[in-house]
Structure formats: structure tokens, C-alpha cells
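In my numbering, the protein residues as written are 203 to 487.
Working notes, structure below.
Below, the structure is given as C-alpha cells:
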């Protein structure tokens, strides 16, 4: 497998639009929107191959840390490259990132936590944000630790950044530090939530959240940052009244154009209404 590049992401979008790759309605909308905006960028924004390529390069210097592929380079699959290129490729006139909110809905066992961990390491180390506060957040510490622990292992295994960082991963203290920047796990019961000034947050398994207190508290705290990123990653879940389901409905409207929101990016992998979920032919969607 070769490392992905910006062209990988663009070709992936073209393959979805042309039906060369089976995809659900939401991803067809996401791909079409991306290609359309490459032709005519939204007011105030441009697509920077340099910014996208830098993020791709950083992420793909990392290695897998689990199972039979442990130690192998984390070369992104086309769908993962599509997400990274969208998040980091779009910038404003000050070269600051366009997207401040990202929603990723991906079925289980497709590497969403690994991708989120790599993105958080990039935001911690390579985003040029002074005293960056970065968090992996969830309702329970066991869940918040999943992305943090993956980032911890990836960082320690890196011959490039491993020795530049400080680490702690005990029961009481958990962090990855780069100069004055810090990544640590966070739960909704944390009493210091109101005093945070987040630069980047990865909310894991958003579908499990009973309310939006954690999401809104962290989002409000981002107001002083130049280019903050709130990234919600989740599997589907079953509660149709959960905050995640409501937010997904909003993101679907952004993707189909019925809601104008230039600062939200979503990648929603599911099947379409009427598809037989037990038919393997639909699973690639």
C-alpha cells in the first residue's frame, strides 16, 4: 500500500460521484460538495494543497500500534484521506482553517479511533497554536482513554516526534506534552470544564451522550482560539433522540445544501433507506 496524497482524496470523491464506489446518499452529497467547491470555492476560502499535504504527511509518518499490523506505516485509505484533506485543506484569507466543527459517523472496527488519534497528535504538535489545549472527551474515562491511549502509543513509537514529547499515563495523571501544548483525556464530570480554553477536541462515541453539556461546554471554551477544531466521532447508536442523532440530522442538511454552514464538515457512512443491511453488497457503503 502506498501513502495517500491529495489526489487520492479527489479521485475518491470522483469515484463516489460516478458510482465507481458504492456510497450512501450522505457520502454522495459530501463528495459532490467537495468537488463543486474545488471548482468554485465558498466566499472567503481557498483550497490549499500545501496544508492538506502537510497533514497527510504527518499522519502517515505514524505507525499502527495494535494487532498483526502493529509497526506498519499508517498509510491512509482513500476514505480516510478524503476526511483529512477536507479538514485541513480549506483555509481562509489568513491561512486559518475553515472547518471548526467536524462530524464523523463510521461503523465499528473501521479505524475511526486510530484516525482521530493521529489527527489529535497533528493538532497538538504541528498546528502552530501557542499553548494548545487538546482533549479526547467522552462521558466516561474508559471511553475518553481510547483515542488518548492510541495517540500515546503512536507518539512513543514515532522516531520523529517520540523523543520530543513528555508523557504520563498512570491511573491519576494522563497527558502528552509538546512544549507548552498538552493533550489529555477528559470526561463530562470534570469539575474544571468551565475553565478550559480548548484548541482541539475529539469527542468519542458521541451517540452515548445523553445531553450536550460536554459538547457545548467545550465548544464555548474555544472562542479565544484562532482555528479551533471540535471533532465528534461516533458509531450509529440506537437512540433516535440522542444529541448525536440530532446533530447528524443537521449535518445531513449541510451536506445536501438545505442548510448553509461553511464551517461544518461531515462524513457519514451508513446505508440508504430500503437497503438490506444483511446483504454484504451494501456493506461497502
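Glycine included, each C-beta is placed from N, C-alpha and C at the ideal position.
- Span of the beta strand (DSSP E) around residue 424: In the chain shown, the residue the question calls residue 424 occupies position 222. Counting along the chain, residue 424 falls outside any beta strand (DSSP E), and DSSP gives it neither H nor E.
- beta strand (DSSP E) segment containing residue 462, residue limits: Along the chain shown, one-based indexing puts residue 462 at 260. No beta strand (DSSP E) contains residue 462, which DSSP labels as neither H nor E.
- Query: Whose C-beta lies closer than 8 Å to the C-beta of residue 438 among residues of the same chain, with five residues either side of it excluded?
  - Reply: Numbered from its first residue, the chain shown carries residue 438 at position 236. Correct list, in chain order: 307, 309, 409 and 472.
- Item | Neighbour-count burial assignment, residue 270, 16 or more Cβ in a 10 Å radius | Residue 270 sits at position 68 when you count from the first residue of the chain shown. Answer is exposed; the Cβ neighbour count stays below 16.
- Comparing alpha-carbon positions, which option in 232, 209 and 384 lies nearest residue 219? Within the chain shown, numbered from 1, the residue matching residue 219 stands at position 17. Of the candidates 232, 209 and 384, the one whose C-alpha sits nearest the C-alpha of residue 219 is 232.
- What are the boundary residues of the beta strand (DSSP E) that includes residue 292? Walking along the chain shown from the start, residue 292 turns up at place 90. Counting along the chain, the beta strand (DSSP E) containing residue 292 begins and ends at 292-294.
- Message: Helix, strand or coil for residue 304? Go by DSSP, reduced to three states.
- Response: As a working mapping, residue 304 is identified with position 102 in the chain shown. In the structure shown, residue 304 sits in a strand (DSSP, three-state: E or B).
- Item | Rounded C-alpha distance that separates residue 206 from residue 281 | Your numbering for residue 206 matches position 4 in the chain shown. Your numbering for residue 281 matches position 79 in the chain shown. Their Cα atoms are separated by approximately 10 Å.
- Name the residue from 341, 462 and 211 whose alpha carbon lies nearest to the alpha carbon of residue 405. The residue labelled residue 405 in the question sits at position 203 within the chain shown. Among 341, 462 and 211, the Cα nearest to that of residue 405 belongs to 341.
- Message: Count Cβ pairs between the segment 279-298 and the segment 243-259 that sit closer than 8 Å; are there 3 or more?
- Response: With three or more CB-CB distances shorter than 8 Å, the segment 279-298 counts as touching the segment 243-259.
- Message: Taking only three categories from DSSP, how would you classify residue 484?
- Response: Here residue 484 corresponds to residue number 282 of the chain shown, with the count starting at 1. If DSSP states are grouped into helix, strand and coil, residue 484 belongs with the helices.
- For chain D, is any of its Cβ atoms less than 8 Å away from the one on residue 452? Annotation note: the requested chain D is absent from the structure, which comprises a single protein chain.
- residue 416 and residue 434 closer than 8 Å at C-beta: What you label residue 416 is simply residue 214 of the chain shown in a count that begins at 1. What you label residue 434 is simply residue 232 of the chain shown in a count that begins at 1. Result no, Cβ atoms of residue 416 and residue 434 do not sit closer than 8 Å.
- Query: Do residue 337 and residue 354 come within 8 Å of each other at the CB atom, strictly closer than that value?
  - Reply: As a working mapping, residue 354 is identified with position 152 in the chain shown. As a working mapping, residue 337 is identified with position 135 in the chain shown. Between residue 354 and residue 337, the CB-CB gap reaches or exceeds 8 Å.
- What number of angstroms, rounded off, separates the C-alpha of residue 259 from the C-alpha of residue 330? Numbered from 1 along the chain shown, position 57 holds the residue referred to as residue 259. Numbered from 1 along the chain shown, position 128 holds the residue referred to as residue 330. Distance between the alpha carbons of residue 259 and residue 330: 16 Å.
- Please classify residue 459: is it buried, with 16 or more other beta-carbons within 10 angstroms of its beta-carbon, or exposed? Here residue 459 refers to the residue found at position 257 of the chain shown. Under this definition residue 459 is an exposed residue.
- Determine the closest residue to residue 347 out of 335, 376, 454 and 277, with distance taken between C-alpha atoms. In the chain shown, counting from the first residue as 1, residue 347 sits at position 145. Answer by Cα proximity: 376.
- Query: On the premise that residue 226 lies in contact with residue 447, defined as a C-beta separation below 8 Å, what is that separation, rounded to the nearest angstrom?
  - Reply: Along the chain shown, one-based indexing puts residue 447 at 245. Along the chain shown, one-based indexing puts residue 226 at 24. Not confirmed; about 16 Å, so no contact.
- Query: Just the Cα atoms here: how many angstroms apart are residue 324 and residue 400?
  - Reply: One-based indexing of the chain shown puts residue 324 at position 122. One-based indexing of the chain shown puts residue 400 at position 198. Each residue's Cα considered, the two are about 15 Å apart.
- Item | Beta-bridge partners of residue 380, as assigned by DSSP | Taking the chain shown and counting its residues from 1, the one referred to as residue 380 is at position 178. Answer by DSSP bridge pairing, in chain order: 383.
- Could you give the C-beta distance for residue 237 and residue 251, rounded to a whole number, given that I count them as a contact under 8 Å? Indexing the chain shown from 1 puts residue 237 at position 35. Indexing the chain shown from 1 puts residue 251 at position 49. In this structure, residue 237 and residue 251 do not form a Cβ contact; the two beta carbons are roughly 15 Å apart against a cut-off of 8 Å.
- Query: Going by DSSP, what residues sit across from residue 299 in a beta bridge?
  - Reply: Position 97 of the chain shown, counted from the first residue, corresponds to residue 299. 293.
- Should residue 423 go down as buried or exposed, given a rule of 16 or more other Cβ atoms within 10 Å for buried? Position 221 of the chain shown holds residue 423. It is buried - the Cβ of residue 423 has at least 16 other Cβ atoms within 10 Å.
- Message: Quick check: the Cα distance between residue 378 and residue 357, rounded to an integer number of angstroms?
- Response: What you label residue 378 is simply residue 176 of the chain shown in a count that begins at 1. What you label residue 357 is simply residue 155 of the chain shown in a count that begins at 1. Straight-line Cα distance between these residues: approximately 9 Å.
- Query: Is residue 385 near residue 299, with beta carbons less than 8 Å apart?
  - Reply: Position 183 of the chain shown, counted from the first residue, corresponds to residue 385. Position 97 of the chain shown, counted from the first residue, corresponds to residue 299. Contact flag unset, no.
- From the DSSP output, in three-state form, read off residue 158 for me. Examination of residue 158 is not possible in this model, given that the chain is present from 203 through 487 alone.
- Message: Give me, in chain order, the residues of the same chain whose beta-carbon lies closer than 7 Å to that of residue 274; leave out the 5 immediate sequence neighbours on both sides.
- Response: In the chain shown, the residue the question calls residue 274 occupies position 72. Hits under 7 Å: 265 and 266.
- Determine the direct distance from the alpha carbon of residue 381 to that of residue 366, and round the result to whole angstroms. What you label residue 366 is simply residue 164 of the chain shown in a count that begins at 1. What you label residue 381 is simply residue 179 of the chain shown in a count that begins at 1. Approximately 8 Å, taken between the alpha carbons.
- From what residue to what residue does the alpha helix (DSSP H) around residue 156 run? What is shown of the chain runs 203 to 487, which leaves residue 156 out entirely.
- Identify the continuous beta strand (DSSP E) that holds residue 335 and give its terminal residues. Taking the chain shown and counting its residues from 1, one reaches residue 335 at position 133. Taken as a continuous stretch (DSSP letters only), the beta strand (DSSP E) holding residue 335 covers 335-340.
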